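Inspection log for the structure reproduced underneath, given as structure tokens.
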Amino acid sequence: MNQPQAAKERLLAQARHDYQPALVAVDTDAIARLPVRADRFSHATTGLSAKPAGKTHEGAAAYSIVLNSLNFMFWTPTPEGMVRYHWNGAGGADGLTAALDQVWGETATPDRLREQLGASAEQTVIHAFGDIPLARRRAHFLREVLQGDQLEKAAAELVAAGNTGRLTSDDAERLAKRFPVAYGQDAYLMRAQLAVMWYAGYLIDQGTGIDCDVIVAANYQMPRVMRSIKALRYAPELAAKIDRHTLILRHSPEERAIRAATVLCTQAMAQHLGVSEHAMVNVLWQNRLACGAIPHHLTITTDY
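Each residue of the sequence shown is one higher than the one before, counting from 26 in the numbering used here.
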């Protein structure tokens, strides 16, 4: 069988391969009952235009790449479940962004960041970002991203792609090939696609029309939201594990089933509602706090 040519098709093929409805199933009936209100959907914006890095397209692209090379796992396992990462009162990804803003400084270029973190070690990352989980892995990723002029080359490629009016999973795949350690280890290219989506959000903030065709659902908040609205059905045993804060092993059948079902469910919901997957993910993310006490699954991973 011929391999699909587009990166998005390869990612969807991966999801279909990993899909195990006996563990996590897409509920097409529940999706069909969702009210079609496309006016409630919009593409993600990032606020990057207001940051020093947003003074130029190249700075914004570089910022998006650096940020999302670090954008994973904001919790630490404990006997009771987990403790969430915070930095100066901001939690999770918001805390990471606030810390990065401080170390980035007031220039559009990543020069100050490279000066402080280019030879990054675990303690350097902890000094910059506080008590962040997997600091050693984050230091490893930063060293790759900030080595030589690779970040500037990757940013230039992203800017050139954005200038065509269309950003896709192919751009994320190219980013993963340039940075195989920081971005290339995830079969779903979650963070690489998120970097593309961040840059697309910057262009949208700037009033630039951009078509962003990515699949960025294979994380931990999307399936939580989908479970809360019954779009995903979990096997009772797996649901009980998640509710007990039991660790789900990376690359286990259970983790792959969760991620695969989330990707396929996002596509099905977007098609039913007549919106882009980018906009679908944005609305799901914006509603993550409306899920109440429903927990997300806990997997020790750098993928999301």
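All residues carry an ideal CB built from backbone N, CA and C; glycine is no exception. None of the values given here were measured: they were computed from a predicted structure.
Handout entry: Pairwise C-alpha distance: Arg162 and Leu171
Key = For the purposes of this step, residue 171 is taken as the residue at position 146 of the sequence shown. For the purposes of this step, residue 162 is taken as the residue at position 137 of the sequence shown. Distance between the alpha carbons of Leu171 and Arg162 is about 14 Å.
Exercise for the section: Pull up the CB-CB distance for Arg249 and Tyr329, whole angstroms please, since I reckon it's below 8 Å. Expected result: Here the question's residue 249 lines up with position 224 in the sequence shown. Here the question's residue 329 lines up with position 304 in the sequence shown. Actually they do not touch by this definition, with Cβ atoms about 12 Å apart.
Problem - Own chain, CB closer than 8 Å to Lys178, minus 5 neighbours either side, in chain order - result: Taking the sequence shown and counting its residues from 1, the one referred to as residue 178 is at position 153. Correct list, in chain order: Arg203.
Practice task
Drop a sphere of 10 angstroms on the beta-carbon of Arg109, count the other beta-carbons inside from all chains shown, and report buried for 16 or more, exposed for fewer.
Solution key: Counting from 1 along the sequence shown, the entry for residue 109 is found at position 84. Arg109 is exposed by the Cβ-count criterion.
Exercise for the section: Identify every run of the beta strand (DSSP E) within the segment 255-283, keeping only runs that are complete inside it and at least 3 residues long; order them along the chain. Expected result: The qualifying runs are 257-259.
Exercise for the section: Report the option in Leu167, Pro135, Thr132, Gly130 whose CA atom is closest to the CA atom of Gln148. Expected result: By one-based count along the sequence shown, residue 148 stands at place 123. Checking every option, the nearest Cα to that of Gln148 belongs to Leu167.
Practice task
For the segment 102-116 and the segment 231-242, state whether three or more C-beta atom pairs, one from each stretch, are separated by less than 8 Å.
Solution key: no
Exercise for the section: Mark Pro29 as exposed unless 16 or more other C-beta atoms lie within 10 angstroms of its C-beta, in which case mark it buried. Expected result: For the purposes of this step, residue 29 is identified with residue 4 of the sequence shown, where counting begins at 1. Reliability fails at Pro29, whose pLDDT of 48 lies under 50, so the model's placement of it is uncertain and the value that follows must be treated cautiously. Pro29 comes out exposed.
Handout entry: Range covered by the beta strand (DSSP E) that runs through Ala50
Key = In the sequence shown, counting from the first residue as 1, residue 50 sits at position 25. It spans 49-51 - the beta strand (DSSP E) in which Ala50 sits, taken as one unbroken run.
Practice task
Classify Ser145 as buried or exposed, calling it buried when 16 or more other Cβ atoms lie within 10 Å of its own Cβ.
Solution key: Numbered from its first residue, the sequence shown carries residue 145 at position 120. Flag for Ser145 reads buried.
Practice task
Look at the alpha carbon of Gly143 and the alpha carbon of Phe154, and state the distance between them as a whole number of angstroms.
Solution key: Indexing the sequence shown from 1 puts residue 143 at position 118. Indexing the sequence shown from 1 puts residue 154 at position 129. Rounded to the nearest angstrom, the two C-alpha atoms are 15 Å apart.
Practice task
State yes or no: is the C-beta of Leu272 within less than 9 Å of the C-beta of Ile325?
Solution key: As a first step, residue 272 is located in the sequence shown; it is residue number 247 there, counting from the start. As a first step, residue 325 is located in the sequence shown; it is residue number 300 there, counting from the start. A contact, by the Cβ cut-off of 9 Å.
Exercise for the section: Identify the continuous beta strand (DSSP E) that holds Arg109 and give its terminal residues. Expected result: Numbered from its first residue, the sequence shown carries residue 109 at position 84. Run containing Arg109: 106-109, per the beta strand (DSSP E) assignment.
Handout entry: Range of the contiguous beta strand (DSSP E) that encloses Leu192
Key = On the sequence shown, residue 192 is found 167 positions in, with the first residue counted as 1. Leu192 -> beta strand (DSSP E) spans 191-193.
Exercise for the section: Would you give the residue range spanned by the beta strand (DSSP E) that Thr149 belongs to? Expected result: Reading the sequence shown from its first residue, position 124 is the one you call residue 149. Segment 147-154 is the alpha helix (DSSP H) holding Thr149; no beta strand (DSSP E) there.
Problem - Helix, strand or coil at Pro29 according to DSSP, with G and I counted as helix - result: The residue you call residue 29 lines up with position 4 of the sequence shown. Caution is warranted here: a pLDDT of 48 is assigned to Pro29, below 50, making its placement in the model unreliable, and the coordinate value is therefore given only provisionally. In this structure, Pro29 counts as coil in the three-state DSSP scheme.
Exercise for the section: State the CB to CB distance for the pair Arg252 and Ile319, rounded to an integer number of angstroms; the pair is presumed to be in contact (CB under 8 Å). Expected result: Position 227 of the sequence shown, counted from the start, is the residue given in the question as residue 252. Position 294 of the sequence shown, counted from the start, is the residue given in the question as residue 319. Indeed, because the Cβ distance is near 6 Å, the residues count as touching under 8 Å.
Handout entry: Rounded straight-line distance, which links the Cα of Ser74 to that of Gln292
Key = For the purposes of this step, residue 292 is identified with residue 267 of the sequence shown, where counting begins at 1. For the purposes of this step, residue 74 is identified with residue 49 of the sequence shown, where counting begins at 1. Going by the C-alpha atoms only, they are around 29 Å apart.
Practice task
Please list, in chain order, all residues of the same chain as Leu309 whose beta carbon is under 6 Å from its beta carbon, the five residues on each side excluded.
Solution key: Start at 1 with the first residue of the sequence shown, and residue 309 comes out as number 284. If we look at Leu309 and ignore the five residues flanking it on each side, its Cβ neighbours are Met247, Val250.
Problem - CA-to-CA distance, Thr327 to Pro205, given in whole angstroms - result: As a first step, residue 205 is located in the sequence shown; it is residue number 180 there, counting from the start. As a first step, residue 327 is located in the sequence shown; it is residue number 302 there, counting from the start. Straight-line measurement puts the Cα of Thr327 at about 13 Å from the Cα of Pro205.
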